[in-house]
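S.K.: Going by UniProt numbering, 10 is the number at position 10 of the sequence shown; the sequence numbering is gapless.
Heads up, the beta-carbon is just placed ideally off N, CA and C, and yes, glycines get one too.
My questions will all concern the structure given below.
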Amino acid sequence: MCGIVGFFGPDDVVHDIVFGLTALQHRGQDAAGIATFDTNFHLRKGQGLINDVFRPKHVKKLPGNIGIGHVRYTTQGSNETALAQPFTSSYPFGLAMVHNGNVINFRELAKRLHDKYHVLPKTSNDLELIMYTFASELRTKDLDHLSVIDIFDAVETTQELAKGAYATVTVIAGHGLLAFNDPNGIRPLVMGRRDTPEGPVYAFASESTCFDYLGYEFIKDIGPGQAVFIDQNFKVHYKNAYAKPKSFCAFEYIYFAREDSSIHGRLVARERVRLGKLLARKVLAAGIAPDMVIDVPSSGYFAASGLAEAIGVPYRRALVKNNHIGRSFIVSSQVGREDIVKKKLNPIRAFVEGKKVAVVDDSIVRGTTSRRIVSILREAGAAEVYFISSAPPIIAPCIYGIDMAMSTELIAANYTEEEICNYIGADKVIYQDLSDLQDLFSEDRGHGGGCFACFSGKYPTGDVTPYLRHIQEERQSQRRDKTLSVSPKAPAPTEH
Ligand SMILES: O=P(O)(O)OC[C@H]1O[C@H](OP(=O)(O)OP(=O)(O)O)[C@H](O)[C@@H]1O
Ligand SMILES: NC(=O)CC[C@H](N)C(=O)O
Ligand SMILES: [Mg+2]
Numbered sequence: 001m002c003g004i005v006g007f008f009g010p011d012d013v014v015h016d017i018v019f020g021l022t023a024l025q026h027r028g029q030d031a032a033g034i035a036t037f038d039t040n041f042h043l044r045k046g047q048g049l050i051n052d053v054f055r056p057k058h059v060k061k062l063p064g065n066i067g068i069g070h071v072r073y074t075t076q077g078s079n080e081t082a083l084a085q086p087f088t089s090s091y092p093f094g095l096a097m098v099h100n101g102n103v104i105n106f107r108e109l110a111k112r113l114h115d116k117y118h119v120l121p122k123t124s125n126d127l128e129l130i131m132y133t134f135a136s137e138l139r140t141k142d143l144d145h146l147s148v149i150d151i152f153d154a155v156e157t158t159q160e161l162a163k164g165a166y167a168t169v170t171v172i173a174g175h176g177l178l179a180f181n182d183p184n185g186i187r188p189l190v191m192g193r194r195d196t197p198e199g200p201v202y203a204f205a206s207e208s209t210c211f212d213y214l215g216y217e218f219i220k221d222i223g224p225g226q227a228v229f230i231d232q233n234f235k236v237h238y239k240n241a242y243a244k245p246k247s248f249c250a251f252e253y254i255y256f257a258r259e260d261s262s263i264h265g266r267l268v269a270r271e272r273v274r275l276g277k278l279l280a281r282k283v284l285a286a287g288i289a290p291d292m293v294i295d296v297p298s299s300g301y302f303a304a305s306g307l308a309e310a311i312g313v314p315y316r317r318a319l320v321k322n323n324h325i326g327r328s329f330i331v332s333s334q335v336g337r338e339d340i341v342k343k344k345l346n347p348i349r350a351f352v353e354g355k356k357v358a359v360v361d362d363s364i365v366r367g368t369t370s371r372r373i374v375s376i377l378r379e380a381g382a383a384e385v386y387f388i389s390s391a392p393p394i395i396a397p398c399i400y401g402i403d404m405a406m407s408t409e410l411i412a413a414n415y416t417e418e419e420i421c422n423y424i425g426a427d428k429v430i431y432q433d434l435s436d437l438q439d440l441f442s443e444d445r446g447h448g449g450g451c452f453a454c455f456s457g458k459y460p461t462g463d464v465t466p467y468l469r470h471i472q473e474e475r476q477s478q479r480r481d482k483t484l485s486v487s488p489k490a491p492a493p494t495e496h
């Protein structure tokens with residue numbers, strides 16, 4: 001799902017970039033990169049977390065009052081350093097770009113760039129296709145007299161040609177900072193501003209939480225098809241008025257985004273509490289009577305507290321998370337995910353022994369976390385374990401920036417709820433109803449609609465079968481996890 005930031009102000013911006021990326025670390029753990037510009041581009045990118053890649057000695061070598069940054073969760077190509085973002089192009093002007101999302105007409109765009117503009121991207125990262133498509137359109141303009149209209153025209157063409165999800169920020173050397181979203185606005189992108197004695201600093205970021213830390217005022221979400229350009233005089237130009245999102249990724253509210261972020265007017269934490277409360281009907285109808293509701297740290301907390309409140313049962317944090325362990329789901333190998341899940345959570349025996357426990361997580365994707373949780377709760381003496389997902393069953397691949405592109409790795413795409421219950425070893429599995437989730441983000445509720453593709457199999461960008469075939473071939477050639485390493489018919493594990 002990647003995290004992106006961009007800053008443009010009167011002074012060096014690298015410290016705000018590092019700080020902003022640190023607030024977005026949960027969006028990508030594979031790699032990190034920063035590009036700043038003064039009279040030249042200064043670029044550093046590497047594998048690992050922000051603190052791994054950027055030490056003080058590196059920050060000093062990133063001068064410039066305009067710059068962008070990226071934390072990567074790989075969805076296209078391998079996660080080696082060469083494919084980390086940002087990417088730069090020397091022509092026209094000098095460009096540096098980052099994006100969050102996934103281009104799904106990869107081959108078509110690459111062919112057009114080659115045939116029409118004789119451009120050969122350096123890697124298989126789809127960001128290059130967006131950047132070179134934009135660059136190729138820009139270079140057809142009168143570069144001696146580049147106007148904002150020219151820039152927005154190049155954006156418009158890029159948005160027509162590139163299919164999929166892409167929230168982007170671009171430095172156009174000597175001209176300014178540009179942000180634009182794909183026509184569906186599937187990924188989050190927000191704009192902020194901080195006033196200083198020397199003048200305003202403008203910022204773009206995947207999530208508003210970046211601004212909280214840095215003292216920026218939230219200005220707006222960048223909606224579907226929208227673009228914003230900050231010129232050299234710090235004048236702000238908008239392409240397309242803001243429109244409510246019709247296909248914003250619902251999984252951002254459920255799991256991906258940070259709880260303290262607000263997206264399209266909705267505080268993520270509050271939406272998660274609502275999702276927890278919505279589950280009460282099914283929990284009560286299931287005839288289970290939990291003694292307590294616990295969460296799976298860290299993304300399950302708000303839904304668990306919402307459910308506990310709705311059914312009048314105590315909430316307890318009975319699973320303790322090792323705070324030095326990051327996210328498991330966004331690790332690119334099953335072995336890596338299982339290793340993290342093993343190290344990450346420990347039950348408090350004194351709370352769960354002899355108790356009937358409703359454990360709430362935001363989602364069950366591959367089943368890695370849930371199977372482990374049930375096993376360690378049983379080991380800690382829980383009498384009954386009911387596993388509750390605040391997301392509906394994930395039955396179809398995500399191809400818009402969350403790396404679950406193969407239905408063979410999605411447990412609910414391959415097995416019934418009963419088989420899943422058996423595999424994870426729970427006494428009951430309860431999922432959110434898709435209709436309840438869709439209602440929460442419907443136009444009637446003032447949101448505008450969302451992308452529910454991974455829950456419904458209906459994709460907002462039209463026919464995606466060619467892309468699904470492409471990504472299947474790519475994964476098979478990379479021999480990355482393509483099938484579940486489980487058979488839910490197998491009994492739950494006793495060892496752990
Ligand atoms: O069924 P699975 O394939 O295990 O995927 C689902 C789990 O992965 C995520 O947790 P993660 O560890 O990524 O992050 P968190 O600490 O934010 O919960 C999510 O919150 C679920 O717990
Ligand atoms: N998760 C993402 O947004 C990934 C962005 C881009 N597809 C990459 O692989 O770098
Ligand atoms: Mg989790």
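Are the region 205 to 221 and the region 254 to 263 touching, with three or more C-beta to C-beta distances below 8 Å?
M.R.: Output reads yes: the region 254 to 263 touches the region 205 to 221.
S.K.: So what does DSSP say about valine 335, is it helix, strand or coil?
M.R.: Your numbering for residue 335 matches position 335 in the sequence shown. Looking at valine 335 - three-state DSSP - the assignment turns out to be helix.
S.K.: Under the three-state reduction of DSSP, which class applies to residue 513: helix, strand or coil?
M.R.: A question about residue 513 goes unanswered here, because the residues of the chain that appear run from 1 up to 496.
S.K.: Take valine 320 and list the residues in its own chain whose beta-carbon comes closer than 8 Å to its own, dropping the five residues that flank it on each side.
M.R.: Reading the sequence shown from its first residue, position 320 is the one you call residue 320. Closer than 8 Å at Cβ, skipping near neighbours: Pro297, Leu345, Asn346, Pro347, Ile348.
S.K.: Excluding sequence positions up to five away, which residues of its chain have a Cβ less than 7 Å from the Cβ of glutamate 259?
M.R.: As a first step, residue 259 must be located in the sequence shown, where it is residue number 259. For glutamate 259, where only same-chain residues beyond five positions count, the Cβ hits under 7 Å are Val268, Ala269, Arg272, Phe302.
S.K.: Could you check how far apart the C-beta atoms of glycine 67 and glycine 199 are, in whole angstroms? I think they sit under 8 Å.
M.R.: One-based indexing of the sequence shown puts residue 67 at position 67. One-based indexing of the sequence shown puts residue 199 at position 199. Between glycine 199 and glycine 67 the Cβ distance is about 16 Å, and since that is not below 8 Å, they are no contact.
S.K.: Just to check my reading of the structure: serine 363 and isoleucine 394 have Cβ atoms closer than 8 Å, yes? What is that Cβ distance to the nearest angstrom?
M.R.: Against the sequence shown, residue 363 aligns to sequence position 363. Against the sequence shown, residue 394 aligns to sequence position 394. 6 Å between Cβ atoms; contact.
S.K.: Using the rule of at least 16 other Cβ atoms within 10 Å of the residue's Cβ for burial, across every protein chain shown, is isoleucine 17 buried or exposed?
M.R.: Here residue 17 corresponds to residue number 17 of the sequence shown, with the count starting at 1. Buried, because 16 or more other Cβ atoms sit within 10 Å of the Cβ of isoleucine 17.
S.K.: Can you grab the Cα-Cα spacing for the pair isoleucine 149 / lysine 239, in whole Å?
M.R.: Looking up residue 149 in the sequence shown gives position 149. Looking up residue 239 in the sequence shown gives position 239. Cα to Cα, isoleucine 149 sits roughly 9 Å from lysine 239.
S.K.: Are there three or more Cβ pairs, one per stretch, closer than 8 Å when the region 430 to 437 is compared with the region 365 to 372?
M.R.: The region 430 to 437, when compared against the region 365 to 372, does not touch it at the 8 Å Cβ threshold.
S.K.: Going by other Cβ atoms of all chains shown within 10 Å of its Cβ, with 16 needed for buried, is tyrosine 213 buried or exposed?
M.R.: Numbered from its first residue, the sequence shown carries residue 213 at position 213. The residue in question, tyrosine 213, is exposed, as its Cβ has fewer than 16 Cβ neighbours within 10 Å.
S.K.: Under DSSP, the beta strand (DSSP E) around asparagine 181 begins and ends at which residues?
M.R.: The residue labelled residue 181 in the question sits at position 181 within the sequence shown. Where asparagine 181 is concerned, the enclosing beta strand (DSSP E) stretches over 176 to 181.
S.K.: Per the DSSP calculation, lysine 220 is bridged to which residue(s)?
M.R.: Taking the sequence shown and counting its residues from 1, one reaches residue 220 at position 220. Answer is Met191.
S.K.: In terms of residues, what are the limits of the alpha helix (DSSP H) holding phenylalanine 302?
M.R.: As a working note, residue 302 is residue 302 in the sequence shown. Taken as a continuous stretch (DSSP letters only), the alpha helix (DSSP H) holding phenylalanine 302 covers 301 to 311.
S.K.: So if DSSP puts arginine 72 in a beta bridge, which residue, or which two residues, is it bridged to?
M.R.: Against the sequence shown, residue 72 aligns to sequence position 72. Per DSSP, Ala31.
S.K.: Taking the alpha carbon of glycine 381 as the point to measure from, which residue in Val357, Gly367, Leu95 has its own alpha carbon closest?
M.R.: On the sequence shown, residue 381 is found 381 positions in, with the first residue counted as 1. Residue Val357 is the option with its Cα nearest to glycine 381.
S.K.: Please determine whether the Cβ atom of glycine 176 lies at a distance below 8 Å from any heavy atom of ligand 2.
M.R.: Residue numbering aside, residue 176 sits at position 176 when the sequence shown is read from its first letter. Answer for glycine 176: no, Cβ out of range of ligand 2.
S.K.: Within 10 Å of its beta-carbon, does aspartate 221 have 16 or more other beta-carbons around it, so buried, or fewer, so exposed?
M.R.: In the sequence shown, residue 221 corresponds to position 221, counting from 1. Aspartate 221 is buried by the Cβ-count criterion.
S.K.: Given lysine 282, which residues of its chain have a CB within under 6 Å of its CB, disregarding the five upstream and five downstream residues?
M.R.: Taking the sequence shown and counting its residues from 1, the one referred to as residue 282 is at position 282. Within the same chain, lysine 282 has close Cβ partners Ile430.
S.K.: Can you find the residues in the same chain that come closer than 6 Å, C-beta to C-beta, to isoleucine 151, ignoring five residues on each side of it along the sequence?
M.R.: Here residue 151 corresponds to residue number 151 of the sequence shown, with the count starting at 1. Closer than 6 Å at Cβ, skipping near neighbours: Phe229.
S.K.: Give the DSSP bridge partners of cysteine 454, in chain order.
M.R.: Along the sequence shown, one-based indexing puts residue 454 at 454. Cysteine 454 pairs with nothing; no bridge assigned.
S.K.: Using the Cβ count rule (16 or more neighbours within 10 Å means buried), how would you classify valine 335?
M.R.: Within the sequence shown, numbered from 1, the residue matching residue 335 stands at position 335. Valine 335 is exposed by the Cβ-count criterion.
S.K.: CB-CB under 7 Å to leucine 143, same chain, minus the five flanking residues each way: which ones, in chain order?
M.R.: As a working mapping, residue 143 is identified with position 143 in the sequence shown. Pro92.
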